[in-house]
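Residue numbers (this note's numbering): 286 to 461. All C-beta atoms in this analysis are idealised placements derived from N, C-alpha and C, irrespective of residue type, glycine included. Step one of this worksheet: look at the structure below.
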Amino acid sequence: PDVPQLITADPGRVRQVLLNLIGNAVKFTDSGGVLASIARVRTETTNRIRFTITDTGPGLREEDMERIFEDFEQADGTSTRAHGGAGLGLAISKRLVTAMGGTISVSSRLGQGSEFVFDIPAISAVEAPQIRQDPLSGRHAVIVSKNLVEAEAIARTIRANGGTVDLATTAAQATP
Numbered sequence: 286p287d288v289p290q291l292i293t294a295d296p297g298r299v300r301q302v303l304l305n306l307i308g309n310a311v312k313f314t315d316s317g318g319v320l321a322s323i324a325r326v327r328t329e330t331t332n333r334i335r336f337t338i339t340d341t342g343p344g345l346r347e348e349d350m351e352r353i354f355e356d357f358e359q360a361d362g363t364s365t366r367a368h369g370g371a372g373l374g375l376a377i378s379k380r381l382v383t384a385m386g387g388t389i390s391v392s393s394r395l396g397q398g399s400e401f402v403f404d405i406p407a408i409s410a411v412e413a414p415q416i417r418q419d420p421l422s423g424r425h426a427v428i429v430s431k432n433l434v435e436a437e438a439i440a441r442t443i444r445a446n447g448g449t450v451d452l453a454t455t456a457a458q459a460t461p
């Protein structure tokens, strides 16, 4: 209930991190379940969104938790890895979270499951600086086309983005 409806963040990066973490949790959980949650974390100086992915999988050993976010690392270091993968998902997730100004961590108990948590700065969309809504505001276009249907379709797009349009079927009509 305290999580804002809209935040200013990189949706592609957030999506990729969630896909990696949830995908791993599902892949390694043979019984039990996976829980994904989101919460707002406020301090006097920061406002963050916390994503938590908890699973009832096999858990991680202490030494695995220390290296799990490194490239090509997997908790199952055997040559017959049952779950496949290149060991890049968590390393990529850490880079993406760091690039967004956030942090990522893991806690785990062997035989009981793992919990991956990442926090990113959260600027509520209503608090964020307003992005220009009409990218073509103040712009004028002249469309020269013999195909009126095509010209009107392009003109609608330009108008929808704040621009103005003149239509012409010949170059002579287009010149002022």
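Assuming residue i and residue j are in contact, meaning their beta carbons sit under 8 angstroms apart, how far apart are those beta carbons, in whole angstroms?
| i | j | result |
| --- | --- | --- |
| S399 | G344 | 6 angstroms |
| I443 | L421 | 6 angstroms |
Going by the beta-carbon positions, is the gap between residue i and residue j smaller than 7 angstroms?
| i | j | result |
| --- | --- | --- |
| A457 | V427 | no |
| F401 | G387 | no |
| Q301 | L381 | yes |
Going by C-alpha to C-alpha distance, which of the options sits closest to residue i?
| i | options | result |
| --- | --- | --- |
| T339 | V326, N446, G297, G308 | G308 |
| I292 | R333, L320, K431 | R333 |
| K312 | D349, G374, T337, E329 | G374 |
| K379 | A445, G447, D295, N305 | N305 |
| E348 | R325, T331, L320, S392 | S392 |
| K325 | I389, A407, G447, A453 | Residue identity check: residue 325 is Arg in the sequence provided, not Lys. Residue A407 is the option with its Cα nearest to R325. |
| I353 | D419, I377, T331, G423 | I377 |
Which partner residues of residue i appear in the DSSP bridge assignment?
| i | result |
| --- | --- |
| R333 | V326, P406 |
| E400 | T339, S392 |
| T427 | Reading off the sequence, residue 427 comes out as Val, not Thr. For V427, which the question treats as bridged, DSSP gives the partners D451. |
Quick check on residue i: does DSSP put it in helix, strand or coil?
| i | result |
| --- | --- |
| I353 | coil |
| T454 | coil |
| A321 | strand |
| T449 | strand |
| T293 | strand |
| S316 | coil |
So is the beta-carbon of residue i under 6 angstroms away from any non-hydrogen atom of the ligand FMN?
| i | result |
| --- | --- |
| T455 | Absence of the ligand FMN is noted for the structure shown, with no ligands found whatsoever. |
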